[in-house]
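Novice: In the UniProt record's numbering, the protein residues as written are 1 to 194.
Sharing a structure here in structure tokens format.
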Amino acid sequence: MLFPAGRNNLHSFLLKQRCHFQIAPEDLLRLTVGDIPATTSYDQDFDHFDFPPRSIGTGDTYVEAALSIFEDLGFIQRFRLQRHTLARFLLMVQKGYRDVPYHNWSHAFAVAHFAYLLLKTDTARGALNELESLALYVASLCHDIDHRGTTNAFQVQSVSFVLILSSRYGHISIFRIGFSSPKSVFFSSQVHKM
């Protein structure tokens, strides 16, 4: 067995694998000084379903555009989000993504862009309240944080610790472990600050 000492030791092992992400002051400054750019400043077709969101640049541009989307959807004003806290949150989300071929920050931004387009439709406005809309957008940004780039089939074949945590082998959900990790403590503290 991968962790013969049991689930409690496995949980301890995972908590010791903490990554302390440092946010560069210049990155935070870049997102907090001046006006938040309009979404159409990235491309005039930014708010069209046929627009390819990855065409606007790289990871740093995605962070800026994600902030612009928060502004365009009215979340910053409606929920009185502190720009500094929101910028730090977005930078931490970006850092939470691994450098893997698909489930990376670029993919997260593409999903968030699609969520943004959906939230601008009359159908979504009629079906979701403001808090649900905010939750959908934040979830779209965070949905694959720390994804290791492997499939479920690979996890089963390799009997990985992810499998142990999320299956009958360990009976501890990834969600529960995830939210007791340092990264989620950060997210939790940021949500309370926002």
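Ideal Cβ placement from N, Cα and C applies to all residues, glycine included.
It should be emphasised that the depicted structure is a prediction, and the values quoted were computed from it without experimental measurement.
1) Straight-line CA distance for Y169 to T121?
2) Buried or exposed for H171, please, with buried defined as at least 16 other CB atoms from any protein chain shown within 10 angstroms of its CB.
3) Classify Q82 as helix, strand or coil using the three-state DSSP reduction.
4) What did DSSP end up calling A38 once you bin it into helix, strand or coil?
5) With three or more C-beta pairs closer than 8 Å as the rule, is the segment 118-134 touching the segment 96-106?
6) Leaving out five residues on either side along the sequence, give the residues of the same chain with a beta carbon under 6 Å from the beta carbon of Y137.
7) With DSSP run on the structure shown, which of helix, strand or coil describes D72?
8) Look up I56 in the DSSP assignment and say whether it is helix, strand or coil.
9) Helix, strand or coil: how does DSSP classify H113 here?
10) What would DSSP say about P25, mapped onto helix, strand or coil?
11) So what does DSSP say about D47, is it helix, strand or coil?
12) Counting along the chain, where does the alpha helix (DSSP H) carrying R125 start and finish?
13) Which first and last residues belong to the alpha helix (DSSP H) in which Y137 is found?
14) Measure the alpha-carbon distance for A139 versus V111 and round it to whole angstroms.
15) When we look at the beta-carbon of V63 and count the other beta-carbons within 10 Å, is it buried (16 or more) or exposed?
16) Whole angstroms is fine: what's the gap from I23's alpha carbon to T61's?
Specialist: A quick look at the data gives this:
1) Confidence is the limiting factor: at Y169 the pLDDT is only 45, short of 50, which leaves the residue's position unreliable, though a coordinate-based value still follows. Taking the straight line joining both Cα atoms gives about 43 Å.
2) For H171, the predicted structure reports a pLDDT of 43, less than 50, and the residue's modelled location is therefore unreliable. A value from the coordinates is still provided. Exposed is the call here.
3) coil
4) coil
5) no
6) Cβ neighbours of Y137 beyond the five flanking positions: A115.
7) The answer is helix: DSSP assigns D72 an H, G or I state.
8) helix
9) helix
10) Per DSSP, reduced to three states, the secondary structure at P25 is helical.
11) Reduced to three states, the DSSP call for D47 is coil.
12) D122 to A127
13) E130 to C142
14) Cα-Cα distance, rounded: 10 Å.
15) buried
16) 16 Å
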